[in-house]
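Protein chains in written order, with the working numbering: chain A, 407 to 750; chain B, -1 to 262; chain C, 192 to 541. Ideal Cβ positions, reconstructed from N, Cα and C, are used throughout, including at glycine. Small disclaimer: the values here were computed from a predicted structure and weren't measured. Heads up: the structure comes next, in C-alpha cells.
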Amino acid sequence: MSNSFLTASQQKTRRKNFVTIVTLLVLIVITFVISMNTGVIKLTPMEVFRTLFGQGDAQQQLILFEFRLPRIVIAVLVGMGLAVSGAILQGISKNALADPGILGINAGAGLAVMLYISFFPTTKAAPVYLLPVLAFVGAGFTAILIYTLSYRRHEGITPMRLILTGVAIAAGISSAMIVLTLRLTPENYQFVATWLAGSIWGSNWRFVLALLPWLLILLPFVYAKSRVLNILNLGELTAIGLGASIERERRWLLAAAVGLAGASVSVSGGIGFVGLIAPHLARQLVGAKHQFLLPTAALLGGFLVLMADTLGRSLLEPSEIPAGIVVAVLGAPYFLYLLARLKE
Amino acid sequence: MSVLEIDHVAIGYSSTLIVNDLSVEIPKGQISTIIGPNGCGKSTLLKAVARVLRMQNGAVYLDGKAIHQLKTKEVAKRMAILPQTATAPGGLTVFELISYGRFPHQAGFGTLRKEDYEYIHWAIDVTGLREFSDRPIEALSGGQRQRVWIAMALAQGTDILVLDEPTTYLDLAHQLDILLLLQKLNKEEGRTIIMVLHDLNHASRFSHFMMAMKGGNLVVNGSPKEVMTKENLQTVFNIDAEMAVCPYSKNPICLSYQLYDIKE
Amino acid sequence: MTTSTGVGGLNDLDELQKRSHPIRGVVALIVGVIGLLFAIGLSISFGAADISLGTVWTAVIHFSPELTTHQIIHDIRLPRVLGAALVGASFAVAGAIMQGMTRNPLADSGLLGLNAGAAFMLAVCFAFFPSLPYMYLILWSFVGAGLGVVIVYGIGSLSKGGLTPMRLVLAGAAVSALLGALGEGLALYYRIGQDLAFWYAGGVSGTKWSHLQILSPWILVAMIGAIILSRSITLLSLGEEIAIGLGQRIGVVKIWGMIIVLILAGAAVSVVGAVGFVGLIIPHLARYIVGHDYRWIIPCSLIYGALLVVLADFVARIINPPYETPIGALIAFIGVPFFLYLARKGGKEL
C-alpha cells in the first residue's frame, strides 16, 4: 500500500493496522486447528488437513464435516455479527456501554425462547429448528418496540432516548422472565438457562446456512458505511454540517445492527459481552477509524467466540461450559486491565 | 450581492419562539459577524442556517435556493459548519479528523482520491498543523484543537464557512491567531465567513458586515462603523460604552464600558 | 449557552436554586410519610387472615401475646413489611447517591458490581454449602456485594487518570459481566439456577426480627450519613471542577458515598436480590418533584422507595394467593412504564 500522499508515519500506522488484522486472521486459523483437535475424538492437525482435502476415513469425515466444522463456522460468524453490531451501536450512540443488549435483542430472543419452552414443554429434539426462528422473531419484535417507543415526531430518534428506552424494556422483559423461570420444570429450566448463557449448540450446516446470508449482506453494507459512522461519531451538529442525512443513516445502521445481532443471538443465545468488548478492544488496537475498526472488531469477535467455544468444550469434558460464560470470564479481566492501564 | 438570504425566519423549540420573523441578507465574499447578549438567539439562528434546527416559518436561501429543499450533501459542498462544542472521539489523529471533511465529496465506498488528498494537505498547511498531523487529537492544546476543527471545515472545500464562537476558551494570542487565519482565507481565497463572536472588538476589527441581535430580533445590521455605535451598544447590551478607534482596522471599538444600572 | 466553567458554574448554581422546590419538598415528604404509614397498615391487615386496621394499631401499641392476630402481626407481617420498607429506602437512596456522584442518569447501585457480586456469592453458597442458614446466606451475599464494589473501585482508582465516572461505568459493566458469568456457570454446573430464582422470588417474605435487628442499625447509620452527605452530593452533581472550586474535598465525598452505597444497597440486595429498578426510578421521581437539590432528593427517595417496595410486596402477596409473585417483577411492572414515560417526555431531565 504505497500512497504518495501519506506521510511515512501514516503509512506505518496503516501497515501496523494491516498487521493487526492479519495477526487476528492467523489467530483464528490457529484456534480453528486447535478446535478441530478438541473433543472426545481427537484429530491431529495432519488428519484435519487430510480430511479437509478428502483424504480422511468415514468417521473422520463425519466428525469434521458434520460436527466440528459447522460449529466452528457458526462460532466465528456469531462473534463477527455481534462485534460489528456492537461497533455500530457504540458508533451511533457515542455511548461506550452500548451493545446489542440495549436494543433488547438478547432479552427479546430469550423471552421468546422461554415462552415457547414454558408453554410447549416438548422434547428436546423438536424445537431445535424452531428455536432460532422464534429467537429471531423475539429479537426483532423487541427492537421494533424499542425503536417505536423512542421515536418522537419532528425529532426522530435520539441516541440517549433509545438507550433509556432499551434499558427499561430489557428490565421489563427480564422480570417477565423471572416469573416464567418459576414455572419451568428443572429440565426445561436447565435447557433455557444454558441457552441464555450463550452456547453454540446448533452445530449443523443448516444453522450456518441460516446465519450466513445475514452476514454476507450486512457486513459489506456496514463496511461501506464506515465513512458515515466516522462522521456520526463527531456529533450531530458536525455530522449534519458535513452533509450526512443523520436520521436516515441512523435508521439503516440500526436496522443492520438488529439484523446482525438478531441472527447471531438466535443461534447462539446470549453472548452479549462480545458485542460490548470487541469494539472497545479493536479501538485500542487500530484507533477510531471505522474502515479499520469494523474489520478488526469483527475478527476479534470471531476469534473470541471461537476460542471461548473451544475452551468451553474441552475444559470440563464431557460436559460443556457455555461459550458466553467463557467469553465473559476471559474477556472481562482483559478489558479491566486495559481500563486500568489507559489514560483516557 | 448576497450569498445567503434569511427570509422572515422564525425558529423555536415547541411552543416558545427564540427567533422572531428575522430577515437579513448576508453578503458574498465577506466576513459577517453576529453579536448580541446571551440568549439573544444568535446560535439558534446559526443552527437554523446550518439546517440543524427546523424553522417554524420562513426560509433560508443559498444562492436563491431554499436550503431545506436542497440535498444535505449538496449544501455541505457549499457550506461548512463548525459547531460551538465539537468533540472528537478518542484515538483519532489530526490527519484522520481533517480527512473526514472530505465526506460530502466522496461517493460509495469512499477511498480518498488525489483531489481529496490535495485539499487535506492544503488545509493542514494553511492552518499550520503540518508538524502535528500524526498526533492524536487528545494530545493537542485547546488552540491547536480548534485549528484542527477549522482545518476539517476547510478540507470540506466550501466557499462558505459558518463558525459558532470559534475563539471561545482560547487565550488572547490564540484568539487573534484564529481570526487572522479566517481573515487570510477571506482575503486570499474570497471565502464567505459567517460567525458568532462574543468579543465586540474582534467582531468590529475583522468583519465587513455585522448583525446585532437582541431577544430574537435583528436590532441593527451594516458595516462595523454603522453597528458599533454608543447608541446601538446601549440598545443591544444595555451598556454605556466608551468608544475609540482600532489602530489596525480603523473601525470603532469599545475602549471600556459600564452597566447603566450601576451608573445611575 | 451556559458553559461548565467560570461564570457558567455560577449560572448552574442559580439554576439549581430556581429549580429546587423546598415547599414542594415538604409537602411531598409529608404526603409520602402518610402514604407509607397507610401502606404499611394496609399491608399488615391484608393477608391469609384479614385483620382490621384497628387491631393492627392495638397490636403495635398494646401487644398481647395471647391473641393469634397479634402474634401474626408481630411475628410475620410486621417484620416483613418493615423489611420491605428498609429495602426500598436503601435501594432508592443508594441509587440517588450514585446518580448524583456519577452525573449519570442511568447509574444505580448495580453499576458498582454490587448486584453481580451478591448473586455470585449466593451461587457459591448454594453450590458448595447448600445447608447454610438464611442468616448466613444474607451475610455472604453482603460480602459478595462488597467484593464487587472493591474490585470496581480498586480498578477505577488504580488506573492512571483516577476514578472518572466513565471509567466507573465501564469497570462496573465488566465486573458485573465477569461475576455474573461465574455465578451463571456455577448455577448451570450445579443445577441450582432455579433454586436461586426461587430464593430471590421470595423477596422479603422470610424477614424475621433477628434479621432486622442486624440490618437496621447499619441501614440507619448509612441513612444518616447519606443525609449528612447530601449537600456535598448536590455540589458533586454540578461537576467535579465546580465542586472543587466550591471547596469540596471530592475524594473524601466519593469514598464516603461509596461506603454508604455499599452498606445500603449491599444490605438490600442480599435480602431481596437485584431489584435494581427501585434505585433507578425513585431518584428520578424525587428529582421530578423536588428539583435538583440532593438535600431534598435523598429524604424523598428514602420515603418513596420504601413506599414502592411496601406496595409491591403487598401486591405480590395478594395477586395470586397463596403463591407469591416475584417482587422484582412487580416493581418492574410498575417501574417500566413510568420510566418509559420519563424517557419520552424528558430527555433533558434524564
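Between Thr571/A and Ser581/A, the gap from beta carbon to beta carbon reaches 8 Å or more.
Secondary structure note for Asp238/B: it is in no alpha helix (DSSP H), and the uninterrupted beta strand (DSSP E) holding it is Ile237 to Val243. For Ile79/B, no alpha helix (DSSP H) encloses it; the enclosing beta strand (DSSP E) starts and ends at Met77 to Leu80. Taken through DSSP and simplified to helix, strand or coil, Phe526/A comes out as coil.
When secondary structure is reduced to three states using DSSP, Gln256/B falls in the strand class. The Cβ-Cβ distance between Gly304/C and Leu370/C falls below 8 Å. One Cα belongs to Gly708/A, the other to Val732/A, and the distance between them is close to 14 Å. Between the C-alpha atoms of Ser725/A and Phe471/A there is a straight-line separation of about 22 Å.
Here Asn249/B carries a coil assignment [DSSP, helix/strand/coil].
Classified as buried, Thr516/C has 16 or more neighbouring CB atoms from the shown chains inside 10 Å of its CB.
Put simply, of Gln28/B, Lys26/B and Pro35/B the residue whose alpha carbon is nearest the alpha carbon of Asn215/B is Pro35/B. For Phe207/B, the enclosing beta strand (DSSP E) has its first and last residue at Phe207 to Lys212. Using beta-carbon distances, Arg474/A does not count as an interface residue toward chain C, since no partner is under 8 Å.
Taking 7 Å as the upper bound on Cβ-Cβ separation, chain B lies near residues Arg689, Gly693, Ala694 and Lys695 of the stretch 675 to 709 of chain A.
Flagged as an interface residue toward chain A: Pro81/B, by a C-beta distance shorter than 8 Å. Taken in chain order, the complete alpha helix (DSSP H) segments of 4 residues or longer contained in the stretch 33 to 74 of chain B are 40 to 47. Beyond the five residues adjoining it in sequence on each side, Met226/B comes within less than 6 Å, by CB distance, of Ser202 and Pro250 in the same chain, given in chain order. Fully contained in the stretch 128 to 155 of chain B is no beta strand (DSSP E) run of length 3 or more. Non-local C-beta neighbours of Ala669/A in its own chain, meaning closer than 7 Å and more than five positions away in sequence, comprise Gly487, Phe542, Leu617 and Trp620, ordered along the chain. Cβ neighbours of Cys244/B within its own chain (closer than 6 Å, five residues either side excluded): Arg203 and Ile251. Close CB contacts of Lys399/C within its chain, under the 6 Å cut and outside five residues either way in sequence, are with Pro270 (chain order).
Flagged as an interface residue toward chain A: Pro517/C, by a C-beta distance shorter than 8 Å. Ranked by Cα distance from Ile418/C, the options Leu455/C, Leu227/C and Ala368/C are led by Leu455/C.
For Val735/A, the residues of chain C that pass the 8 Å Cβ criterion are Leu369, Ala372, Leu373 and Gly376, in the order they occur in the chain. When the alpha-carbon of Gly675/A is set against those of Val446/A, Ala493/A, Arg719/A and Ala545/A, the nearest one is in Ala545/A. Residues of chain C with a Cβ closer than 8 Å to the Cβ of Pro592/A are, in chain order, Arg382 and Gln385.
By the CB criterion at 8 Å, Ile122/B and Val160/B fall outside the cutoff.
Here Val343/C is buried, its C-beta having at least 16 other C-beta atoms within 10 Å. Counting the other CB atoms within 10 Å of its CB gives Gln173/B a total of 16 or more, which places it among the buried residues. About 5 Å separates the Cβ atoms of Ile637/A and Phe101/B, confirming a contact at the 8 Å cut-off. Taking a beta-carbon distance threshold of 8 Å, Ala307/C does not count as an interface residue toward chain A. Collapsing the DSSP output to three states places Arg654/A in a helix.
Using a CB distance cut-off of 8 Å, Ser581/A counts as an interface residue toward chain C. By the neighbour-count definition (other C-beta atoms within 10 Å, threshold 16), Leu152/B is a buried residue. Among the residues of chain A, those whose CB is under 8 Å from the CB of Ala520/C are Ser581, Ala582, Ile584 and Val585, following chain order. Taking the CA atoms as reference points, Gly485/A sits about 44 Å from Ile410/C.
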